[in-house]
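In our numbering, the protein residues as written are 19 to 146.
Cβ coordinates follow ideal geometry from the N, Cα and C atoms, glycine included.
A short write-up of the structure that comes next.
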């Protein structure tokens with residue numbers, strides 16, 4: 019059997035993680051959860067995921083700090099990053115404009131089909 023594509027989802031809300039994980043697993047994705055930015059960075063140092071789903075509002079290191087750390091790490095910089103957040107106000111859009119572009123942005127609350135579509139586009143699985 020072909021190996022599953024691994025996704026790291028840095029998300030502190032368990033219900034949101036569970037919704038996404040349950041939708042992606044049958045499609046050939048293994049979704050690993052980190053509940054904080056620091057935990058997510060530690061996991062990525064141990065094993066580079068195929069795709070990063072990143073919430074912005076985190077209890078310790080915010081999502082933008084994680085994003086910057088990923089994009090400045092030569093080993094991780096080419097990994098697709100999908101920012102998922104309710105924080106898409108005008109100030110947030112200004113911050114986004116000043117950063118290297120994430121591969122996709124999804125605004126909460128979201129339709130899980132939107133997440134599936136973005137993930138399948140950026141990270142095809144052996145089942146595709």
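In the three-state reduction of the DSSP assignment, residue 39 falls in the helix class, which pools H, G and I.
Taking C-alpha positions only, residue 67 is separated from residue 90 by approximately 16 Å.
With a contact defined as Cβ atoms closer than 8 Å, residue 45 and residue 134 qualify at about 7 Å. DSSP places residue 52 in no alpha helix (DSSP H) but in the uninterrupted beta strand (DSSP E) bounded by 47-52. The alpha-carbon of residue 23 is positioned some 10 Å away from that of residue 42. Rounded to whole angstroms, residue 99 and residue 47 show a C-alpha spacing of 15 Å. Judged by DSSP in its simplified three-state form, residue 94 adopts coil rather than helix or strand. The Cβ atoms of residue 140 and residue 120 do not sit closer than 8 Å to each other. The beta-carbon separation of residue 78 and residue 64, rounded to 18 Å, does not stay under the 8 Å limit for a contact.
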